[in-house]
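S.K.:
Take a look at the structure:
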């Protein structure tokens with residue numbers, strides 16, 4: 092078990108791959124069931140009988156964007172603290188139980204949620220539920236535990252962020268793109284605030300958010316929904332409902348009127364790169380159809396090596412070693428659309444950026460062809476058909492959607508909504524959102540190329 | 092009475108001029124007295140018998156940087172609401188009372204405080220205290236009052252900020268310079284949050300912060316301190332002490348590792364300009380002597396038309412229509428140091444910026460001469476000697492210092508601390524803080540000069 096802090100780019104993979112897996116063969120095995128326990132805990136069961144394994148995930152609707160001011164890092168801190176001793180189990184006991192049966196487990200934190208998961212044989216499912224239900228309320232949060240794990244997350248920040256120029260730049264780009272919405276704050280936290288996290292902070296956070304009525308249980312695998320329900324009632328069902336939580340209404344981003352840049356020049360950088368971001372709506376905040384259009388825009392513009400950016404810059408012009416685009420749709424609040432590129436050989440970064448901008452201008456002016464749009468949609472469908480070993484992606488898809496304001500129906504109807512997107516709609520979102528005078532660009536430059 | 096929202100640049104004038112006035116002749120009239128009322132209200136009396144007038148100010152230690160997340164603008168909202176009806180006086184009655192005796196009154200809001208003031212004949216002082224003490228606790232906050240005044244502040248935002256490209260740019264520069272500390276949030280508030288401010292928000296804010304134990308009374312003028320004390324006890328002394336307030340500990344800025352730019356291109360702009368800012372310590376957060384050195388650095392580099400920037404760029408090279416620097420020292424948390432410039436005639440903005448950067452590089456490398464430093468100190472002293480009609484500046488000086496963590500002694504000893512600053516100390520703060528690779532620059536560009 093290595094707890095991991097996951098930022099916007101990492102969750103992207105979860106989100107997109109997972110969505111692509113929607114009607115995978117697995118779901119042919121039986122309808123997805125969802126229901127509430129009496130204490131308010133939501134349960135989603137996704138039968139998948141291809142192999143005798145089960146993915147068990149608990150998603151807490153609490154992420155870094157919900158943290159109190161000045162307490163950045165505390166959501167991710169719990170990704171660690173949850174592996175410590177409870178009143179019923181010593182620290183490490185849960186991990187050992189998983190390892191003994193040949194399973195795997197982990198956890199991750201994002202802006203909108205914190206999730207814990209195990210993949211085990213179905214016979215061990217109820218034991219997992221017992222462990223998870225126990226640590227939901229019975230953690231022993233002593234000053235010693237806080238201090239020890241705080242040292243761990245501080246070291247994690249040093250090694251993952253502070254010693255990595257790209258990560259340092261990304262943090263400051265995020266805080267420049269977002270000027271009010273809390274996605275501006277790094278998931279792992281700011282050092283000077285992490286250093287101050289203490290036991291009262293942790294206790295207050297745990298008591299407020301680690302409650303069945305703030306959690307979603309997702310079970311995907313070789314299980315029977317009724318049996319899962321009975322097990323969930325015997326384990327999670329015993330945990331008392333917590334106080335009602337306030338709606339997750341966070342500060343909203345003001346309109347952006349400027350072009351912003353953030354430049355990090357560092358001797359450790361060998362190849363420069365840039366990325367340009369825009370604030371765009373997420374699936375949760377968008378007008379109907381806009382988020383789907385943004386997904387297809389990202390796919391066509393820079394989704395993979397069949398995309399316009401890759402084909403034009405990497406293959407045809409040969410000026411870029413990489414170029415692409417992505418849209419992070421599965422967020423509770425407004426999200427980001429990003430394009431990026433890096434030069435190949437002696438090409439100047441500015442020339443790569445100009446070529447990326449030209450592709451954006453072209454799509455804004457001329458839109459996409461029907462044929463191109465169909466192929467993009469087909470790529471999604473194909474990835475569904477050939478989906479294999481995607482049990483955890485399916486669980487991720489339901490979990491991340493339900494933890495960011497969506498429901499089971501949103502997940503299931505998503506492929507149909509994608510199919511309905513028109514070429515005009517893709518052009519419209521490009522024109523509406525990809526405006527360079529209202530963008531935020533990060534530049535990572537080698538020391539000697541500072542003037543590039 | 093026209094309530095005003097005052098931002099960082101406006102408060103600068105208050106702070107600097109006021110500090111310059113410290114040992115003005117006025118204080119020769121008698122020692123400054125300060126004391127606490129039983130309910131915790133601090134009182135400062137500055138005798139000044141040059142003319143039969145008195146400046147009466149109440150400073151609340153509550154500014155925009157203390158606002159709850161998502162409630163930007165509520166501190167400034169109270170600058171307006173405080174002029175509405177109370178249980179004892181109809182709306183407008185206070186204003187009329189001031190006008191009838193030939194006085195003047197106003198209010199202002201900043202990041203760290205909100206202040207209300209009247210200038211009247213000494214015979215009216217107790218009446219003013221009565222009115223101020225009344226509205227400290229007896230405002231009638233109905234939905235109607237909230238709605239009406241909210242429309243006023245929304246219109247104020249539209250006219251002052253949204254219709255002014257420089258103000259729009261300044262807001263986004265502030266939110267780019269500050270990535271965590273709440274000075275990133277505009278004092279007037281963000282439109283989408285101001286629109287949502289409601290009666291429960293206002294009531295909670297008023298009850299938490301408009302209390303005698305969160306206020307500083309400053310009386311400067313033709314008064315006797317003992318008489319002022321008796322009046323204050325008869326008026327403010329009747330207001331019950333409120334619950335203890337939590338220490339004003341706000342999110343702290345992380346270290347900046349990047350060079351950031353913010354560019355607004357607008358058809359309404361005729362002459363471009365730029366300003367570059369750095370995060371630096373304030374008088375309240377600095378190591379001993381650093382804030383004083385920053386004050387003198389700003390004075391020497393760009394304080395007025397005898398400064399290096401003005402002399403070099405405007406007078407000698409003739410490339411700039413304006414160029415200067417300022418340091419906003421009177422803040423509760425870390426503050427900003429700013430240089431700025433605008434081209435003259437056909438000069439390119441980039442050339443002006445390069446010339447400003449060259450002056451910074453020169454001061455970082457070679458420091459300042461003893462002679463230059465002495466002249467800068469003398470300019471302060473001279474402005475003290477010739478200070479006239481500065482009664483309100485003196486009151487501002489004490490009020491702003493006391494509302495940002497300082498005390499009466501800090502104000503009184505400030506000139507001596509300035510005199511002690513050495514040329515090496517000025518050079519040291521320039522080298523430590525004015526690093527271009529860790530700066531934030533705003534560019535205001537005319538439409539046709541976008542490529543400048």
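Residue numbers (my numbering), protein chains in the order written: chain A, 92 to 543; chain B, 92 to 543. Just so it is clear, CB atoms sit at the ideal spot from N, CA and C, and this is done for glycine as well.
Mind listing, in chain order, the continuous beta strand (DSSP E) runs of no fewer than 3 residues lying wholly within the stretch 394 to 481 of chain A?
M.R.: Whole beta strand (DSSP E) segments, 3+ residues: 411 to 418, 426 to 434.
S.K.: Under 8 Å between beta-carbons, which chain B residues line up against residue 263 of chain A? List them in chain order, please.
M.R.: Taking the first residue of the first chain as 1, we reach residue 263 of chain A at position 172. Per Cβ cutoff of 8 Å: 270, 347, 348, 349, 351.
S.K.: So residue 351 of chain B and residue 353 of chain A are in contact, right, with Cβ under 8 Å, and what is the actual spacing, rounded?
M.R.: Residue mapping note: residue 351 of chain B aligns to position 260 of the second chain, counting from 1. Residue mapping note: residue 353 of chain A aligns to position 262 of the first chain, counting from 1. Between residue 353 of chain A and residue 351 of chain B the Cβ distance is about 5 Å, and since that is below 8 Å, they are a contact.
S.K.: Going by the DSSP bridge assignment, what does residue 230 of chain A pair with across the sheet?
M.R.: The residue labelled residue 230 of chain A in the question sits at position 139 within the first chain. Paired residues: A:177.
S.K.: In the DSSP assignment, what are the bridge partners of residue 353 of chain A?
M.R.: As a position in the first chain, residue 353 of chain A is number 262, starting the count at 1. DSSP output for residue 353 of chain A lists A:533, B:351 as bridge partner(s).
S.K.: By alpha-carbon positions, which one of B:330, B:247, B:294, B:316 ends up nearest to residue 53 of chain B?
M.R.: Nothing can be reported for residue 53 of chain B: it is not among the residues displayed for chain B, which extend from 92 to 543.
S.K.: For residue 161 of chain B, decide whether its Cβ has a neighbour in chain A, counting only Cβ atoms nearer than 8 Å.
M.R.: Taking the second chain and counting its residues from 1, one reaches residue 161 of chain B at position 70. Yes - at least one Cβ of chain A is within 8 Å of the one on residue 161 of chain B.
S.K.: List the whole-angstrom C-beta distance separating residue 391 of chain B from residue 399 of chain B, where the pair is believed to meet the contact cut-off of C-beta under 8 Å.
M.R.: Start at 1 with the first residue of the second chain, and residue 391 of chain B comes out as number 300. Start at 1 with the first residue of the second chain, and residue 399 of chain B comes out as number 308. 6 Å between Cβ atoms; contact.
S.K.: State the Cα-Cα distance for the pair residue 419 of chain B and residue 535 of chain A, rounded to the nearest angstrom.
M.R.: As a working mapping, residue 419 of chain B is identified with position 328 in the second chain. As a working mapping, residue 535 of chain A is identified with position 444 in the first chain. Rounded to whole angstroms, residue 419 of chain B to residue 535 of chain A spans 32 Å at the Cα level.
S.K.: Could you tell me which chain A residues have their CB closer than 7 Å to the CB of residue 528 of chain B, listed as they occur along the chain?
M.R.: Taking the second chain and counting its residues from 1, one reaches residue 528 of chain B at position 437. By Cβ distance, chain A contributes 356.
S.K.: Let me make sure I understand the geometry here. Which of B:294, B:229, B:185 has the alpha-carbon closest to that of residue 208 of chain B?
M.R.: One-based indexing of the second chain puts residue 208 of chain B at position 117. The shortest Cα separation from residue 208 of chain B among B:294, B:229, B:185 belongs to B:185.
S.K.: Check whether the stretch 138 to 152 of chain A and the stretch 310 to 321 of chain A are in contact - that is, three or more C-beta pairs closer than 8 Å.
M.R.: These segments touch.
S.K.: Helix, strand or coil: how does DSSP classify residue 545 of chain A here?
M.R.: As shown, chain A starts at 92 and ends at 543. That puts residue 545 of chain A outside it, with no answer to give.
S.K.: Against chain B, with Cβ distances strictly below 8 Å, would residue 538 of chain A count as a contact?
M.R.: The residue given as residue 538 of chain A occupies position 447 in the first chain. No, residue 538 of chain A does not count as interfacial toward chain B.
S.K.: Shorter than 8 Å from the beta carbon of residue 283 of chain B to some beta carbon of chain A?
M.R.: Indexing the second chain from 1 puts residue 283 of chain B at position 192. With 8 Å as the cut-off, residue 283 of chain B counts as an interface residue toward chain A.
S.K.: Could you check whether the Cβ of residue 341 of chain B sits closer than 8 Å to any Cβ belonging to chain A?
M.R.: The residue labelled residue 341 of chain B in the question sits at position 250 within the second chain. Closer than 8 Å: yes.
S.K.: Within its chain, find whatever has a CB closer than 6 Å to the CB of residue 122 of chain A; leave out the 5 residues flanking it on each side and keep chain order.
M.R.: Along the first chain, read from residue 1 onward, the residue named residue 122 of chain A stands at position 31. Contacts found: none.
S.K.: Residues in the same chain with beta-carbon distance under 7 Å from residue 317 of chain A, minus the five sequence neighbours each way, listed in chain order, please.
M.R.: Within the first chain, the letter at position 226 stands for residue 317 of chain A. So no residue of the chain qualifies.
S.K.: Using the three-state DSSP reduction, which class does residue 487 of chain A fall into: helix, strand or coil?
M.R.: As a working mapping, residue 487 of chain A is identified with position 396 in the first chain. Residue 487 of chain A: helix per DSSP, three-state reduction.
S.K.: Please confirm whether residue 266 of chain A has its beta-carbon closer than 8 Å to some beta-carbon of chain B.
M.R.: By 1-based counting over the first chain, the position of residue 266 of chain A is 175. True, the Cβ-Cβ gap to chain B drops below 8 Å.
S.K.: What is the rounded straight-line gap between the Cα of residue 267 of chain A and the Cα of residue 127 of chain B?
M.R.: As a first step, residue 267 of chain A must be located in the first chain, where it is residue number 176. As a first step, residue 127 of chain B must be located in the second chain, where it is residue number 36. C-alpha separation (whole angstroms): 44 Å.
S.K.: Kindly indicate which residue of B:234, B:263, B:245 has the alpha-carbon position closest to the one of residue 293 of chain B.
M.R.: Reading the second chain from its first residue, position 202 is the one you call residue 293 of chain B. It is B:234 whose Cα lies nearest to the Cα of residue 293 of chain B.
S.K.: Assuming residue 228 of chain B contacts residue 383 of chain B (C-beta within less than 8 Å), just tell me the rounded distance between them.
M.R.: In the second chain, residue 228 of chain B corresponds to position 137, counting from 1. In the second chain, residue 383 of chain B corresponds to position 292, counting from 1. No, residue 228 of chain B and residue 383 of chain B are not in contact; Cβ-Cβ is about 39 Å, not under 8 Å.
S.K.: Would residue 436 of chain B be called buried (16 or more neighbouring beta carbons within 10 Å of its own) or exposed?
M.R.: Looking up residue 436 of chain B in the second chain gives position 345. With fewer than 16 other Cβ atoms within 10 Å, it is exposed.
S.K.: Closer than 8 Å, CB to CB, is residue 275 of chain B near chain A or not?
M.R.: By one-based count along the second chain, residue 275 of chain B stands at place 184. Chain A, which has a Cβ nearer than 8 Å to the Cβ of residue 275 of chain B, makes this yes.
S.K.: Out of A:328, A:281, A:362, which one is the CA nearest neighbour of residue 539 of chain A?
M.R.: The sequence position of residue 539 of chain A within the first chain is 448, counting from 1. Answer by Cα proximity: A:362.
S.K.: Please look up how many angstroms separate the CB atoms of residue 272 of chain A and residue 341 of chain A, rounded, as I've assumed it's under 8 Å.
M.R.: To locate residue 272 of chain A, count along the first chain from 1; it is residue 181. To locate residue 341 of chain A, count along the first chain from 1; it is residue 250. Contact holds; Cβ gap of about 6 Å.
S.K.: Just reading off the alpha helix (DSSP H) that residue 124 of chain A is part of, what are its end residues?
M.R.: For this step, residue 124 of chain A is matched to residue 33 along the first chain. Not the alpha helix (DSSP H): residue 124 of chain A falls in the beta strand (DSSP E), residues 124 to 127.
S.K.: In the stretch 369 to 382 of chain B, which residues sit with their C-beta less than 8 Å from some C-beta in chain A, listed in chain order?
M.R.: Listed by position, the residues of the stretch 369 to 382 of chain B near chain A (Cβ gap below 8 Å) amount to none.
S.K.: Quick one: is residue 406 of chain A buried, meaning 16 or more other Cβ sit within 10 Å of its Cβ, or exposed?
M.R.: Start at 1 with the first residue of the first chain, and residue 406 of chain A comes out as number 315. Exposed.
S.K.: Between residue 358 of chain A and the rest of its own chain, which residues show a CB-CB distance below 8 Å, the 5 nearest in sequence each way excluded?
M.R.: By one-based count along the first chain, residue 358 of chain A stands at place 267. If we look at residue 358 of chain A and ignore the five residues flanking it on each side, its Cβ neighbours are 537, 538.
S.K.: Taking 8 Å as the threshold (beta carbon to beta carbon), is residue 360 of chain B in contact with chain A?
M.R.: On the second chain, residue 360 of chain B is found 269 positions in, with the first residue counted as 1. Residue 360 of chain B does not count as touching chain A.
S.K.: Between residue 278 of chain B and chain A, is the shortest Cβ-Cβ distance under 8 Å, so that the two count as touching?
M.R.: As a first step, residue 278 of chain B is located in the second chain; it is residue number 187 there, counting from the start. Output row for residue 278 of chain B: interface = no.
S.K.: Chain B beta carbons: is any one of them nearer than 8 Å to that of residue 259 of chain A?
M.R.: For this step, residue 259 of chain A is matched to residue 168 along the first chain. Closer than 8 Å: yes.
S.K.: Whole-angstrom Cβ separation of residue 514 of chain B and residue 459 of chain B, contact assumed at under 8 Å?
M.R.: As a first step, residue 514 of chain B is located in the second chain; it is residue number 423 there, counting from the start. As a first step, residue 459 of chain B is located in the second chain; it is residue number 368 there, counting from the start. With a Cβ gap of about 5 Å, residue 514 of chain B and residue 459 of chain B count as contacting.
S.K.: Pick helix, strand or coil for residue 209 of chain A, following the three-state DSSP scheme.
M.R.: Residue 209 of chain A sits at position 118 when you count from the first residue of the first chain. It is a strand residue.
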